[in-house]
Amino acid sequence: MGMTTLTGTLTCATPAEAELVQTYLPEHIRLSRAESGCLKFEVTPSNEFMVWTLDEAFVDADAFKAHQTRTESTIWAEQTAHIARNFKRIDHA
Numbered sequence: 008m009g010m011t012t013l014t015g016t017l018t019c020a021t022p023a024e025a026e027l028v029q030t031y032l033p034e035h036i037r038l039s040r041a042e043s044g045c046l047k048f049e050v051t052p053s054n055e056f057m058v059w060t061l062d063e064a065f066v067d068a069d070a071f072k073a074h075q076t077r078t079e080s081t082i083w084a085e086q087t088a089h090i091a092r093n094f095k096r097i098d099h100a
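Numbering (the numbering used here), first residue to last: 8 to 100.
Written as structure tokens, this is what we have:
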């Protein structure tokens, strides 16, 4: 089983949503990067107003699933669940 990657965008509809991202994103990044199996976890502001780009890589699908499971119960998930996400997942051979 090969690496799993996720790329895409997180798009805020309002300045209040953007403020939530700015408030909770640093800790979300820190915790995600500390996970076993996380190879890369980048969420950065794009050139487009209130849009962040996402670039993640995990050693395999199991590591990615563990990341998703951990994230489900975080304040990040609770506070940003309503924000639009457009992600593309690839499971590499």
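By construction, the Cβ of each residue, glycine as well, lies at the ideal position given by its N, Cα and C atoms. Only a predicted model underlies this, so the values are computations on that prediction, with no experimental measurement involved.
Contacting residues, own chain, Cβ-Cβ under 6 Å from residue i (five flanking each side not counted)
i: residue 9; result: 99, 100
i: residue 57; result: 19, 25
i: residue 42; result: 74
Nearest residue (CA-CA) to residue i, options the options
i: residue 75; options: 58, 59, 38, 56; result: 38
i: residue 62; options: 94, 81, 29; result: 94
i: residue 72; options: 21, 40, 44, 59; result: 44
i: residue 92; options: 60, 66, 85; result: 60
i: residue 90; options: 13, 12, 28; result: 28
i: residue 13; options: 66, 30, 52; result: 66
i: residue 81; options: 32, 21, 17; result: 32
Where residue i sits in the DSSP three-state scheme
i: residue 50; result: strand
i: residue 68; result: helix
i: residue 25; result: helix
Paired residues, beta bridge with residue i - DSSP
i: residue 63; result: 13, 48
i: residue 92; result: 17
i: residue 97; result: 12
Own chain partners of residue i with C-beta closer than 7 Å, once the 5 adjacent residues on each side are dropped
i: residue 48; result: 36, 39, 40, 63
i: residue 52; result: 59
Spatial neighbours of residue i in its chain, beta-carbon cut-off 8 Å, leaving aside the 5 residues before and after
i: residue 15; result: 60, 61, 92, 93, 94, 95
Buried or exposed by the 16-neighbour rule on C-beta atoms within 10 Å, applied to residue i
i: residue 46; result: exposed
i: residue 87; result: buried
i: residue 11; result: buried
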